[in-house]
Amino acid sequence: MDILQLQKNTDYGRRYNFAAIRSVADFRTAHPLSAYDDYQLIIDNIANGGKFTQLVAEPIILFQQTSGTTGKIKLIPRTKRLF
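Just so we're aligned: 25 in the working numbering is position 16 of the sequence shown, and the numbers increase by one with no gaps anywhere.
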């Protein structure tokens, strides 16, 4: 719940109305099951100079790359708080 409250004013948080979520059941109703591909365009946009507030409330301090052992390399945005 703390993470949802922190992210409620991001573009992503507004899209899924994080401000109104009060329980796990609310979250499951409001937010679809997702995978990296659902975030890839947003992450790529941020990595190429777009605003971090599209996805997270705090500045991104680095993009951590996955090893790619299960497919292509993915970028994982890290903030100070979520690191």
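We put the CB at the ideal spot given by N, CA and C, even for glycine. Computed from a predicted structure; not experimentally measured.
Check                                                                                                                                                                       : Outcome
Between residue 57 and residue 35, what straight-line distance do the alpha-carbon atoms span, to the nearest angstrom?                                                     : 33 angstroms
Leaving out the 5 sequence neighbours to the left and right, which residues in its chain are closer than 8 angstroms to residue 29 when beta-carbon positions are compared? : 35 and 39
Who are the near neighbours of residue 27 in its chain, counting only those whose CB is closer than 7 angstroms to its CB and skipping five residues on each side?          : 13, 16 and 17
Which whole runs of the alpha helix (DSSP H) in the stretch 18–60 are 4 residues long or more, in chain order?                                                              : 20–24, 33–39 and 49–56
CA-CA distance, residue 3 and residue 48?                                                                                                                                   : The first residue shown for the chain is 10 and the last is 92, placing residue 3 beyond what the model contains.
Taking only three categories from DSSP, how would you classify residue 12?                                                                                                  : helix
In the DSSP assignment, the beta strand (DSSP E) including residue 87 goes from what residue to what residue?                                                               : 84–88
Within 10 Å of its beta-carbon, does residue 33 have 16 or more other beta-carbons around it, so buried, or fewer, so exposed?                                              : exposed
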